[in-house]
Amino acid sequence: MSQGHSDVSELVTAEDQACTVRQVLDRVGGKWSIGILVAASKGPVRFTELERSVEGISRRMLTLTLRQLERDGLLVRTVYPTVPPKVEYRATEIALELYDSLVTLTTWAERHRATIAAAREAYDREHTLTPVS
16 MSQGHSDVSE
26 LVTAEDQACT
36 VRQVLDRVGG
46 KWSIGILVAA
56 SKGPVRFTEL
66 ERSVEGISRR
76 MLTLTLRQLE
86 RDGLLVRTVY
96 PTVPPKVEYR
106 ATEIALELYD
116 SLVTLTTWAE
126 RHRATIAAAR
136 EAYDREHTLT
146 PVS
């Protein structure tokens with residue numbers, strides 16, 4: 016760089032870094048991302064296997080989420096030159112670092128979902144306005 020100009024890395028503000036962290040957390044903590052990453056962390060997985068294992072996901076949403084995770088460097092998509100084409104997805108090294116945390120999070124959610132549902136019901140009962148007659 017020419018004299019008088021600071022390094023580009025110095026131009027990144029704390030706000031920019033927070034946004035980046037937020038974007039990453041939004042991606043890996045997304046509704047569908049967790050299930051996809053957990054499945055792909057166990058080894059190469061095909062689209063139809065993901066479609067069956069990620070409960071409630073549509074084909075379109077699976078396609079979009081896979082593209083986003085691939086773009087973010089969390090998945091690698093491999094197309095094999097067969098007829099019909101065989102496509103597999105596998106977790107990258109950075110995604111594999113997340114595996115234990117994601118499994119812990121999903122196990123926690125499973126263990127406490129009934130308690131959270133009951134808390135929501137109790138909250139809603141206490142905070143629901145009664146209609147005026």
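Following our numbering, the numbering of the sequence shown begins with 16 at its first residue and continues without gaps.
C-beta atoms are modelled at their ideal positions from N, C-alpha and C, and glycine is treated no differently.
By how many angstroms is the C-alpha of A106 removed from the C-alpha of V23? Low local confidence applies: a pLDDT of 47 at V23 is under 50, so the model's placement there is unreliable, with the coordinate-based value given in what follows. C-alpha separation (whole angstroms): 31 Å.
Helix, strand or coil for E103 per DSSP? The answer is strand: DSSP assigns E103 an E or B state.
For a test of the three-state rule: what should DSSP assign to V94, helix, strand or coil? Correct three-state label for V94: strand.
Once the 5 residues before and after L77 are set aside, which same chain residues still bring their CB inside 8 Å of it? The residues are W47, I51, F62, L65, E66, V69.
Whole-angstrom C-beta distance between L113 and V43, which should lie under 8 Å: The C-beta separation of V43 from L113 comes to about 6 Å, placing the pair in contact by the 8 Å criterion.
Length of the line joining the Cα atoms of A129 and G45: Near 21 Å, if we compare the C-alpha coordinates of G45 and A129.
Whole-Å CB distance - R86 paired with Y104, under 8 Å assumed: That belief does not hold up - the Cβ atoms of R86 and Y104 are roughly 13 Å apart, past 8 Å.
Identify, in the order they occur along the chain, each residue of the same chain with its Cβ nearer than 8 Å to the Cβ of L81, setting aside the five sequence neighbours on each side. These residues qualify, in order along the chain: I51, F62, L65, L90, R92, Y104.
With DSSP run on the structure shown, which of helix, strand or coil describes V60? Here V60 sits in strand by DSSP.
Could you say which of G58, L79, G88, V60 lies nearest to V39 if we only look at CA atoms? Minimum Cα distance to V39 is reached at G88.
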